[in-house]
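Using the working numbering, the letters of the sequence shown map in sequence onto residues 406 to 812.
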Amino acid sequence: MLFYISPNLVSKLKENPSDNLIIEAIDNLAFSRRQAYHLLLAELNDLKFLSRCESLQKKTKAIFNILYQTYSEIGSYKNEFKYYVEIVYKQKTLQIKKENEKEIIELSIDYIQKFDLLKKSEILLENISEIKFYIFMSKFFKKENRLYINIPSMYDVRNGGGHTMGDVYSHLQNKKKSFCLCFADKDIKYPNSKEGDTLEKVKNIDDKKIPLCKLIAIDVREIENLIPEKLLEKTCENDTNWKKGYEFFIKMKNENLEEEIKYMDFKKGFSLNKFVELKNKDYINFVKKIMTKTNLSNEKDFDKYRNFIDIIKKGKRISFSKFQNLKNEYIEKNNVENKILDFFNKEQIISGMGNDLLKRLIYKHIDNDTTISKNDLLKFQLKEWNKIGEYITFWTCGDNNHNANFS
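In structure tokens, the structure reads:
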């Protein structure tokens, strides 16, 4: 995170050079900068003053001297960064100040009398193994926007898998001892469907009055929906079933179903079991659209399949195994079209690319030589990559280039 020391804070130090609250806050900010956890900036004349202020520690002054000397390189950050923290001389201030498209966190010196809040930013994910993919998206954002390529991301990652994410987020938000980004996918299965329980819980807990933590809802079913085509191809090339899943992805893309891709479960695909269990009319219509557009069925046959399910179930809620038994009994006693017989003998309607899809991608196909351009991404993917990349870029920006100069 970029910390900007406001002119009013420096003015207060000039008025009262022995103000211990200000001195402690500035020393802590400088120490965080020396550790490379965050970036630090002030106006040019204020940096010059702080580099010579006798009230500050020698190491603190040395940091401000480096910042003063390199102002031509870093002075534009405040104008260019969409998110940053402004350190102010006010009583117990912790609030968001919006200027045009910027979101500035106003933070008073009361909050940084101890070092806790100035440690590395935290990233909360449902699965910590996903972090490499998120950082990859951040690098994409920097490159595509020609921004801060040499500024690294400094962060600690936390696991908030499933139902525990809300509890972890609440704990981080209430203790007010770290900056935190929380990413949660929407788990949306079809257009206008209800968001998943994990995101809903975090949203209900999220206190907008505590801006140290930021919840980012990812507008897809799962993070795997953001994997671009060319990486999916590499990740699925060594298995016949994975290839079938990838080929279905391509078929959807070619049939102008790009928007629908974000609702698909590409890890597991779509099984007969799931098809039989469908109840929601909107979900059924969504599946019908996918199956007819990709030639897995036509509308007439699709309706036959659904009618056959209704005949077997007779309006009752039954398990899939019970459905299979009743189906077999019905077929023994009745003439059933071959199309229907063939369809209900399948286990998998749409092949998946494997439960470990993202893991395979991260550990085998993302490295320093992997490149993605905006032309490699679907429209919704590009939007989410930019959103995720932007937040990570600005909330985790640190430095590892000048530590030797700060010692």
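For each residue, glycine too, the CB sits at the ideal point set by N, CA and C. All figures in this text were calculated on a predicted structure; none of them were measured in a lab.
| Query | Result |
| --- | --- |
| Nonlocal neighbours in the same chain, by C-beta distance under 8 angstroms from L620, ignoring five residues either side | Y574, C587, A589, V607, K608, D611 |
| DSSP state of N808 mapped onto helix, strand, coil | For N808, the pLDDT reaches just 47, beneath the cut-off of 50, and the residue's location in the model is therefore unreliable, leaving the point undetermined. |
| Close Cβ partners of Q578 (< 8 angstroms) along its chain, the five nearest in sequence each way excluded | C585, I610, D611, D612, I615, L617, C618 |
| Of the listed residues K635, S456, K698, nearest to Q474 (C-alpha basis) | S456 |
| Cα-Cα separation between K418 and A447, rounded to whole angstroms | For the record, residue 418 in the displayed sequence is Leu; it is not Lys. Distance between the alpha carbons of L418 and A447: 14 angstroms. |
| Residues that DSSP places opposite Y409 in a beta bridge | L446, E491 |
| Range covered by the alpha helix (DSSP H) that runs through E664 | 663 to 666 |
| Spatial neighbours of S726 in its chain, beta-carbon cut-off 8 angstroms, leaving aside the 5 residues before and after | none |
| DSSP beta-bridge partners of L512 | I492, L499 |
| Close Cβ partners of G650 (< 7 angstroms) along its chain, the five nearest in sequence each way excluded | C641, F671, G674, S756, G757, M758 |
| Euclidean distance between Cα positions of N810 and L444 | Note that N810 has pLDDT 44, beneath the 50 cutoff, so the model's placement of it is unreliable and the number below is only indicative. Rounded to the nearest angstrom, the two C-alpha atoms are 15 angstroms apart. |
| Where the beta strand (DSSP E) containing E634 begins and where it ends | First-last for E634: 634 to 641, but that is the alpha helix (DSSP H), not the beta strand (DSSP E). |
| Whole-angstrom distance between Q440 and S347, CA atom to CA atom | Absent from the structure is residue 347, since the part of the chain shown begins at 406 and ends at 812. |
| Sequence-distant residues of its chain with Cβ nearer than 7 angstroms to P412 (five each side left out) | E448, D451 |
| As assigned by DSSP and simplified to three states, the class of K672 | coil |
| Sheet register partners of Q786 (DSSP bridge) | In DSSP, Q786 forms no bridge with anything. |
| Span of the beta strand (DSSP E), counted from its first residue to its last, around N564 | 560 to 564 |
| Between the CA atoms of S598 and L638 - distance to the nearest angstrom | Rather than Leu, the amino acid found at residue 638 in this sequence is Glu. Their Cα atoms are separated by approximately 29 angstroms. |
| Beta strand (DSSP E) segment containing Q474, residue limits | Per DSSP, Q474 belongs to no beta strand (DSSP E); it is in the alpha helix (DSSP H), 463 to 474. |
| Classification of K788 by the beta-carbon crowding that lies within 10 angstroms, buried from 16 upward | exposed |
| Three-state secondary structure assigned by DSSP to K507 | strand |
| One or two residues paired with E527 in a DSSP bridge | D561, C585 |
| Per DSSP, the bridge partner or partners of Q753 | S676 |
| Buried or exposed (CB count within 10 angstroms, at least 16 for buried), S812 | For S812, the pLDDT reaches just 40, beneath the cut-off of 50, and the residue's location in the model is therefore unreliable, although a value from the coordinates is still provided. Under this definition S812 is an exposed residue. |
| Of the listed residues L434, L731, L426, nearest to G803 (C-alpha basis) | L434 |
| Beta-carbon gap between E752 and S676 smaller than 8 angstroms | yes |
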